[in-house]
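One structure below.
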Amino acid sequence: KQEVTQIPAALSVPEGENLVLNCSFTDSAIYNLQWFRQDPGKGLTSLLLIQSSQREQTSGRLNASLDKSSGRSTLYIAASQPGDSATYLCAVNTIQAAGNKLTFGGGTRVLVKP
Amino acid sequence: NAGVMQNPRHLVRRRGQEARLRCSPMKGHSHVYWYRQLPEEGLKFMVYLQKENIIDESGMPKERFSAEFPKEGPSILRIQQVVRGDSAAYFCASSPTTENTGELFFGEGSRLTVL
Chain A
507 KQEVTQIPAA
517 LSVPEGENLV
527 LNCSFTDSAI
537 YNLQWFRQDP
547 GKGLTSLLLI
557 QSSQREQTSG
567 RLNASLDKSS
577 GRSTLYIAAS
587 QPGDSATYLC
597 AVNTIQAAGN
607 KLTFGGGTRV
617 LVKP
Chain B
171 NAGVMQNPRH
181 LVRRRGQEAR
191 LRCSPMKGHS
201 HVYWYRQLPE
211 EGLKFMVYLQ
221 KENIIDESGM
231 PKERFSAEFP
241 KEGPSILRIQ
251 QVVRGDSAAY
261 FCASSPTTEN
271 TGELFFGEGS
281 RLTVL
């Protein structure tokens, strides 16, 4: 059974500092991994999707790496801004799962202080 | 192209009442997934449906919960005789095909409060 863990659970940094969010998963047989952002009381916004054959994906200040063999992904957010404050969720699409069923981590709550 | 539409966005029910949550997938998507997010927790898978078929309901509680995705109309998650522990955000997601390399697109969620 796939289990996804995100560390740390919460993170507080001053504006301008780089953010490093970690995600680990127990079953490395995955199709892909997705990073989402969730603002309080809101839905999920997809940030990056990394296929199992890829090592990383980049979008603007965001960069996500994937090491499938060790079951790890890291989301880097460069030069953080107060607007980056949100909860960041990692989710994996496991080969044994039906369709595009995702298993989520518990999230990392980020606060960027001005 | 409208995204995944969920309604109602907020629903208040008293213990013992029924809650019905609706989800219209993105245009062209025939696969729907329901997730539940309890306060301060991550999202937990509940059920995966295609039109008129339940594919995987391994995350669905055995009692009081049911889901359907009829040939016409939205997918519906139904909770009978709600209890306080059912208070949560319920998210729907859709995808266009059964191929496993795609993204899931999420709705804004329906927030159920049981008094």
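Residue numbers (the numbering used here), protein chains in the order written: chain A, 507 to 620; chain B, 171 to 285.
Think of the CB as a built atom: it goes at the ideal place given N, C-alpha and C, for glycine as much as any other residue.
In this text the structure is predicted, and so the values were computed from the model without any measurement.
*Using the beta-carbon count (16 or more within 10 Å), is Gly-522(A) buried or exposed?*
It counts as exposed.
*Leu-568(A) vs Ile-583(A) beta-carbon contact at 8 Å*: Yes, the pair counts as a contact, with Cβ atoms nearer than the cut-off.
*Residues of chain B with CB under 8 Å from Gly-549(A), in chain order?*
In chain order, Phe-261, Phe-276, Gly-277, Glu-278, Gly-279 make up the part of chain B whose C-beta sits under 8 Å from the C-beta of Gly-549(A).
*Could you run through the region 601-619 of chain A and flag, in chain order, every residue whose CB is less than 8 Å away from some CB of chain B?*
Only Ile-601, Ala-603, Ala-604, Gly-605, Asn-606, Lys-607, Leu-608, Thr-609, Phe-610, Gly-611, Gly-612, Gly-613 from the region 601-619 of chain A bring a Cβ to less than 8 Å from some Cβ of chain B.
_I'd like to know whether the C-beta of Gln-540(A) is nearer than 8 Å to at least one C-beta of chain B._
Chain B contact via Cβ: present.
*Local conformation of Arg-254(B) per DSSP, three classes*: Shown here, Arg-254(B) sits in a helix according to DSSP, grouped into three states.
*Exposed or buried, which one is Gln-508(A) when buried takes at least 16 other CB atoms within 10 Å?*
Buried: at least 16 other Cβ atoms inside 10 Å.
*asked:* Measuring only from the beta carbon, is Ser-236(B) closer than 7 Å to any heavy atom that is part of the ligand GDP?
replied: Here there are no bound small molecules, and the ligand GDP is not part of this structure.
*If the cut is a Cβ gap below 7 Å, which residues of chain B does Ser-552(A) touch?*
Here the neighbours are Glu-273.
_Contact set between Leu-555(A) and chain B, taken where Cβ atoms lie within less than 7 Å_ = The contacting residues are Glu-273.
*Glu-222(B) CB to nearest chain A CB: under 8 Å?*
So, not an interface residue.
*Using a cut-off of 9 Å between C-beta atoms, extract the partners of Ser-265(B) located in chain A.*
Going along chain A in sequence order, the residues near Ser-265(B) (Cβ under 9 Å) are Gly-605, Asn-606.
_Under 7 Å from the C-beta of Gly-131(B): neighbouring residues of chain A_ = Because chain B spans 171 through 285 in this model, residue 131(B) falls outside it and cannot be assessed.
*Which class does Asp-533(A) belong to by DSSP, given the choice of helix, strand or coil?*
Shown here, Asp-533(A) sits in coil according to DSSP, grouped into three states, outside any helix or strand.
*asked:* Closest to Glu-211(B) by C-alpha separation, out of Tyr-537(A), Ala-516(A), Pro-588(A), Leu-554(A), would be which residue?
replied: Of Tyr-537(A), Ala-516(A), Pro-588(A), Leu-554(A), the residue nearest in Cα terms is Ala-516(A).
_Quick check: what's the CA-CA separation for Ser-236(B) versus Pro-195(B)?_
Going from the Cα of Ser-236(B) to the Cα of Pro-195(B) covers about 18 Å.
*Between Phe-215(B) and chain A, is there a C-beta pair that is closer than 8 Å?*
Cβ-Cβ to chain A under 8 Å: yes for Phe-215(B).
*How about Ile-225(B): is its C-beta nearer than 8 Å to some C-beta of chain A?*
It does; some Cβ of chain A falls within 8 Å.
*Assess, as a yes-or-no matter, whether the region 189-204 of chain B is touched by the region 255-265 of chain B under the definition of 3 or more beta carbon pairs within less than 8 Å.*
Two segments are said to touch when three or more pairs of C-beta atoms, one from each, lie closer than 8 Å; by this definition the region 255-265 of chain B touches the region 189-204 of chain B.
*Alpha-carbon to alpha-carbon, Lys-548(A) and Thr-609(A)*: Rounded to the nearest angstrom, the two C-alpha atoms are 19 Å apart.
*Under the three-state reduction of DSSP, which class applies to Pro-546(A): helix, strand or coil?*
Three-state result, Pro-546(A): coil.
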